[in-house]
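S.K.: First residue of the sequence shown? That's 3 in the working numbering, and the numbers climb one at a time after it. Just so it is clear, CB atoms sit at the ideal spot from N, CA and C, and this is done for glycine as well.
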Amino acid sequence: MKIFFTIFCILLSHFLLAQRILLFQKTYQNFGQINSGMDQIDYTFVFKNVSDQNVKIENIEADCACGSSFFNENPILPQQIDSIKVSFLPYRVGAFEKKFVVYTNDKQTYTLTLEGFILPHSSELRTVSFKYRNGNLSFKHKNLNMGTLEPNVPITKQFSVYNPTNKAVVFTDQMIVPPHIKIFFDTSHIIPPKEISSIIVTYDPTKRTEFGYLQDNVVMFTTDTIDARMSMNLVAFIKDDSQKDQYFYQVSEEKMEENASKANFPFLQISEKEQHLGIIYPNMNVITEFEIYNEGAMPLKISHIEGNENCQIISDLTQEIEPEETIVIQVRFLPKQIAGEQSTQFSIFSNDPQQNKVTAEIKAEILMVEE
3 MKIFFTIFCI
13 LLSHFLLAQR
23 ILLFQKTYQN
33 FGQINSGMDQ
43 IDYTFVFKNV
53 SDQNVKIENI
63 EADCACGSSF
73 FNENPILPQQ
83 IDSIKVSFLP
93 YRVGAFEKKF
103 VVYTNDKQTY
113 TLTLEGFILP
123 HSSELRTVSF
133 KYRNGNLSFK
143 HKNLNMGTLE
153 PNVPITKQFS
163 VYNPTNKAVV
173 FTDQMIVPPH
183 IKIFFDTSHI
193 IPPKEISSII
203 VTYDPTKRTE
213 FGYLQDNVVM
223 FTTDTIDARM
233 SMNLVAFIKD
243 DSQKDQYFYQ
253 VSEEKMEENA
263 SKANFPFLQI
273 SEKEQHLGII
283 YPNMNVITEF
293 EIYNEGAMPL
303 KISHIEGNEN
313 CQIISDLTQE
323 IEPEETIVIQ
333 VRFLPKQIAG
343 EQSTQFSIFS
353 NDPQQNKVTA
363 EIKAEILMVE
373 E
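#1: By Cβ distance, which residues of its chain are closer than 6 Å to GLU308, with the 5 residues on each side in sequence left out?
#2: With DSSP collapsed to three states, give me the class of THR29.
#3: Take the Cβ of SER199 as the centre, count every other Cβ of all protein chains shown within 10 Å, and call the residue buried at 16 or more, exposed below.
#4: Give a yes or no on whether the C-beta atoms belonging to VAL360 and ILE304 are separated by under 8 Å.
#5: Is the stretch 176-183 touching the stretch 214-228, taking contact as three or more C-beta pairs under 8 Å?
#6: If I measure Cβ to Cβ from GLU343 and keep anything under 8 Å in the same chain, skipping five residues before and after, which residues do I get?
#7: On a CA-only basis, which of PRO268, LYS133, ASN37 is nearest GLN356? Give me that one, please.
#8: Quick one, which of ASN145, PRO92, ILE62 has its alpha-carbon nearest ASN107's?
#9: Give me, in chain order, the residues of the same chain whose beta-carbon lies closer than 7 Å to that of TYR251; leave out the 5 immediate sequence neighbours on both sides.
#10: Tell me whether THR167 sits in a helix, a strand or coil according to DSSP, three-state version.
#11: How long is the line joining the alpha carbons of GLU322 and MET300, rounded to whole angstroms?
#12: Tell me the rounded alpha-carbon separation between ASP54 and ASP41.
#13: Take GLU293 and list the residues in its own chain whose beta-carbon comes closer than 6 Å to its own, dropping the five residues that flank it on each side.
#14: So is MET232 buried or exposed if we call it buried at 16+ other beta carbons inside 10 Å?
#15: Please name the residue in PRO80, PRO166, ILE192, ILE43 whose C-alpha comes closest to that of PHE132.
#16: Helix, strand or coil for THR211? Go by DSSP, reduced to three states.
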């Protein structure tokens, strides 16, 4: 009985797929990063009437008032190629996903999707980039992150800082830091209003006896009469030469619970665990994108990404992903010559102690069209 039911479901899905009348070249468009200030974002989806009857588009509904569409209101003849133009009015900075549902006279629906990320104006960029306020200054990250250090090699790193106020911030020579850390400013010690400057930190691991993820507190002082004290955490990972494998590391449950994982370790997030490409031809070369984001406080290292015969990894990722930074990977979906729903997977291997392996799935409906 189970075998019969499975065969029935397969035949039914193939029958329903074969009944699709409009075949779109693609139903999804990712614009990537777009500069703000654009009055309108447009895209044209091309399709073909693969049936032997006339088809009429009756309506297209956008999921918000910011979307609109333009289409041929006349009947579309068999085997005729036509298009639908959709438009989106960008009204705010950040990621967007806009859907347009196409209704035809044969009662079928098709969903068209626009995605992307709208970058802020240059005047807003500093506010977005330096989002962690500490006293009268703003930093890109919550912690000063020194990254991964060799146990016998001192390192110096520069951290950008932004003064969002209308008055200058003046640092004094007074500070509270441990012996292995030194902090420097430029000769003036002054960060003018609405300007970006930097703090320089030197970290000497030879003066420490511990290894692994370490956290220190540093305190700097300004001449401000109300908010003079500026306290920050400084984090670093010091390698232990006695350990053979420094790339992947294990963290005990007690240590993880004690330190709060995201605060002291890399933490991998992926934009989508499952992505559906819609309806495609078996011979289409479909390239899609995923975003990888490091939500932790330490650098995230990608060792490798594994695909399979139906999933080709285009991006070559060997660099570190800094805390709260995002990178984009491209993946090519290679469908089999079989009609129906297909899926494939790829896996990301990293030094995230909670999830060394993260798997994402790509799905699509494959339409076989007879010439």
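M.R.: The structure says:
#1: SER349
#2: coil
#3: buried
#4: no
#5: yes
#6: SER15, LYS365, ALA366, GLU367, ILE368
#7: PRO268
#8: ILE62
#9: Confidence in TYR251 is poor, its pLDDT being 46 and thus under 50, which makes the residue's placement unreliable; the coordinate value appears in the next sentence. Within the same chain, TYR251 has close Cβ partners ASN353, PRO355.
#10: coil
#11: 10 Å
#12: 40 Å
#13: SER273, THR328, VAL330
#14: buried
#15: PRO166
#16: coil
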